[in-house]
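Numbering (this note's numbering), first residue to last: 1 to 340.
Written below as structure tokens is the structure these notes are about.
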Amino acid sequence: MQQKIDEILNYVKGKMAEVKTSADCQAVRVEVLGKSGKLTELFKLMKDVPAEQKGAVGQLLNGAKQAAESIIAEKETSLAAAELQQKLMSEKIDVTLDLNAEEIGALHPVTLDFMRMCDILTGMGFSQIDGPEIELDKYNFELVNVPKDHPSRDMQDSLYITNDILLRTQTSNTQPRAMEKIKPPFKVFSFGRVFRKDDLDATHTPAFHQLEGIYIDKKVSLATLKHDLSLILKKYLGDATKIKFRASYFPFTEPSVEVDAECNVCKGKGCAACNGNGQYEILGAGMIHPHVLELNGIDPNEFSGYAFGFGFDRFPKIRYKIPNAKVMFSNDVRFIKQFK
Ligand code: PHE
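And the structure:
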């Protein structure tokens, strides 16, 4: 018995020289003192020990048990202390660290630019209105003088949801919506997403932003339109920017114009941003067609008005030198973060 006890205690001492963690100590404890541990097994032999020796053997075993436990506990305590120290070091909290590390979001470049435009327009007496992105054909086309089967529907490849409902192709849907709600004279603008059946590439996105301006009053003329748009564009693109009005066609305006602006990256020389043209087309506009006024319950003999529509993604793309239109709609925070 004594020999077996010695073997076990030597085993425990040997193990304690090897172990590296307090969990290893616990494993050895289970191996030796657990339910079917080496030493526990010896206790089970007690039943075969003659009665007169039971006391002595019992003492021997209990002594061995205490010895094993104290060898293990000693090692375990020192390892646990070292482990605690290490844990405290690794979880050390730097109380001087600025806890205001919470991420603050950034505004999308289109939003940033729209906010600038918003300031300019509200400063000129326009107020903002809103129109739905999912729209009735009626507001997107029919009430702006584009009846069914009208060839100009081909100018805009539309995404229909049902026969009568589509994703608006233009913010011009806010023209009839404004005329339905507000009595002239009024001066409003509307900003938002529009959708066309376009494949995604560096210059096209199936969704893009437009900004629509509408002014209806007595005696609004093409001169008013030219004056107001020149002012808006100079404020927005810079006083020195050259702009050009040229005749165009839209079904809901007569006469219609398109406006080109000198490229503000190359100053007219031609560069990648303007496809080498030195200028780029920035908006469509015109005097609201008398028939459109009539269709929307406004007497064209009493009132006249102008409307203009910007494609709004190009400005921020040029201002912030964004090489690819795709990222503008990517929802990638790494992109947006740059505009803080
Ligand atoms: N809605 C036209 C387009 O999407 C732009 C426009 C708006 C033209 C208002 C004239 C007046 O191309």
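In this text, a Cβ means the ideal position worked out from N, Cα and C, and glycines have one as well.
Selection from the options that minimises the alpha carbon distance to residue i
i: N277; options: G284, G286, A285, K267; result: K267
i: F315; options: P300, E302, D260; result: D260
i: Y320; options: E76, A273, H227; result: A273
i: F312; options: L60, V292, L233, Y11; result: L233
i: I288; options: F308, Q26, N275; result: F308
i: A27; options: E135, E69, L159; result: E69
i: T345; options: V30, K44, K326, Y160; result: The question about residue 345 has no answer, for the chain in this structure spans 1 to 340.
i: Q170; options: R246, E133, G123, L61; result: E133
i: C118; options: S330, G192, P147, M1; result: G192
Span separating the alpha-carbon of residue i from that of residue j
i: S230; j: L107; result: 28 Å
i: L84; j: L42; result: 35 Å
i: V110; j: F310; result: 13 Å
i: F189; j: C271; result: 32 Å
i: G14; j: D98; result: 50 Å
i: K269; j: P255; result: 31 Å
i: G105; j: L112; result: 13 Å
i: L79; j: K20; result: 7 Å
i: E258; j: N301; result: 26 Å
i: S158; j: E103; result: 39 Å
i: K197; j: M89; result: 59 Å
i: I5; j: Y11; result: 10 Å
i: K87; j: M16; result: 22 Å
i: L211; j: F114; result: 9 Å
i: H291; j: D299; result: 9 Å
Buried versus exposed, by CB contacts within 10 Å (16 or more), residue i
i: G284; result: buried
i: E52; result: exposed
i: S221; result: exposed
i: F228; result: It is Asp, not Phe, that sits at residue 228 in the sequence shown. It counts as buried.
i: G387; result: In this structure the chain extends from 1 to 340, so residue 387 is not present and cannot be described.
i: D149; result: exposed
i: N163; result: exposed
i: P50; result: exposed
i: V194; result: buried
i: V32; result: buried
i: D151; result: For the sequence presented, residue 151 should be read as Pro rather than Asp. Exposed, since its Cβ has fewer than 16 Cβ neighbours within 10 Å.
i: S304; result: buried
i: K47; result: exposed
Neighbourhood of residue i by C-beta, 7 Å cutoff - its chain only, sequence neighbours within 5 removed
i: E180; result: N296
Own chain, CB closer than 8 Å to residue i, minus 5 neighbours either side, in chain order
i: T241; result: L233, K234, A261, E262, N264
i: G125; result: K187
Cβ-based neighbour list, residue i, same chain, cut-off 6 Å, excluding 5 preceding and 5 following
i: E76; result: S22, C25
i: I8; result: K38, L39
Jot down the residue ranges of each uninterrupted alpha helix (DSSP H) in the region 11-91, minimum 4 residues, whole runs only, in chain order. List check, alpha helix (DSSP H) in window: 22-33, 38-44, 51-90.
If you scan the region 111-178 from start to end, which runs of the beta strand (DSSP E) of 3 or more residues do you find wholly inside it? The qualifying runs are 127-129, 134-136, 165-167.
Taking the runs of the beta strand (DSSP E) that are 3 residues or longer, which of them lie wholly in the region 235-304? If we require 3 residues or more, the beta strand (DSSP E) runs fully inside the region 235-304 come out as 243-250, 253-262, 279-288.
Pick out the complete beta strand (DSSP E) segments inside the region 173-223, 3 residues or longer, and give them in chain order. Listed in chain order, they are 186-195, 207-217.
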